[in-house]
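Below is one structure, written out as structure tokens; comments come after it.
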Amino acid sequence: MTTEPPADAGVVTRLGSGGPWEALYGYSRVVRAGALAITAGCTSTVDGRVAHAGDAAAQTAQAIRIGLDALAEVGAGPADVVRTRMYVTDRLYADEVGRAHNAVFGPVRPVATMVVVAGLIDPDLLVEVELEAYLPVG
Numbered sequence: 037m038t039t040e041p042p043a044d045a046g047v048v049t050r051l052g053s054g055g056p057w058e059a060l061y062g063y064s065r066v067v068r069a070g071a072l073a074i075t076a077g078c079t080s081t082v083d084g085r086v087a088h089a090g091d092a093a094a095q096t097a098q099a100i101r102i103g104l105d106a107l108a109e110v111g112a113g114p115a116d117v118v119r120t121r122m123y124v125t126d127r128l129y130a131d132e133v134g135r136a137h138n139a140v141f142g143p144v145r146p147v148a149t150m151v152v153v154a155g156l157i158d159p160d161l162l163v164e165v166e167l168e169a170y171l172p173v174g
């Protein structure tokens, strides 16, 4: 038995936020392809400047808000998030980043990865977050 894919399964929506690197580097803030919605890496960059310098928890909360705002543009909410990735510039930030993640996603419990990286695009950035959501089509 074969089933036909939903009529809009092949539709891909790409949206930008107007962030300083999107046009320069050629990427979207969020892409929805059928049931899957994925954000680019989100940081605490607000109006082109790093918010909450030196505060990994506040940067995480800001980055998650930016990611969730982007997901909302394609119809996804926090409960639809199935995977998160967190990139931190020092393992000493892991607990505060993890707790900020839990404050939003504790009840949802998406799969999650936290990786320590050598640095991010701006030295004041301590964390970057990616979100993936699943929205059944149809």
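Residues in the sequence shown are numbered from 37 upward in steps of one, following my numbering. Ideal Cβ placement from N, Cα and C applies to all residues, glycine included. Keep in mind that this is a model prediction, so the values were computed, not measured.
Quick check on DSSP: helix, strand or coil for residue i?
| i | result |
| --- | --- |
| P41 | Residue confidence for P41 is low, a pLDDT of 43 falling below 50, so the modelled location carries little weight and cannot support an answer. |
| Y61 | helix |
| V47 | coil |
| L161 | coil |
| T79 | coil |
| R145 | coil |
| T96 | helix |
| V151 | strand |
Which value, in whole angstroms, describes the spacing of the CA atoms of residue i and residue j?
| i | j | result |
| --- | --- | --- |
| P172 | V67 | 15 Å |
| M122 | G155 | 13 Å |
| D131 | A94 | 13 Å |
| V117 | P146 | 6 Å |
| Y63 | P114 | 23 Å |
| A183 | T149 | Given that the chain is displayed from residue 37 to residue 174, the structure contains no residue 183 and the question cannot be resolved. |
| Y170 | L107 | 10 Å |
| T125 | V163 | 6 Å |
| P159 | Q98 | 17 Å |
| G84 | G52 | 14 Å |
| S80 | I102 | 8 Å |
| L161 | R135 | 18 Å |
| P41 | I74 | Any answer about P41 is weak, because its pLDDT of 43 lies below 50 and its placement is not dependable; what the coordinates show is given next. Their Cα atoms are separated by approximately 21 Å. |
| V82 | G46 | 33 Å |
Select from the options the residue whose C-alpha is nearest the C-alpha of residue i.
| i | options | result |
| --- | --- | --- |
| T120 | D160, G90, F141, A108 | F141 |
| I100 | N138, V152, P143, Y129 | N138 |
| G70 | V48, S80, G77 | V48 |
| L72 | D160, G111, D158, Y129 | G111 |
| E168 | V144, L161, Y129 | V144 |
| C78 | D105, L128, G90, A59 | D105 |
Taking Cβ to Cβ, would you say residue i is nearer than 8 Å to residue j?
| i | j | result |
| --- | --- | --- |
| T96 | V133 | yes |
Can you find a C-beta in chain C that's less than 8 Å from the C-beta of residue i?
| i | result |
| --- | --- |
| V173 | The structure shown contains no chain C; it holds only a single protein chain. |
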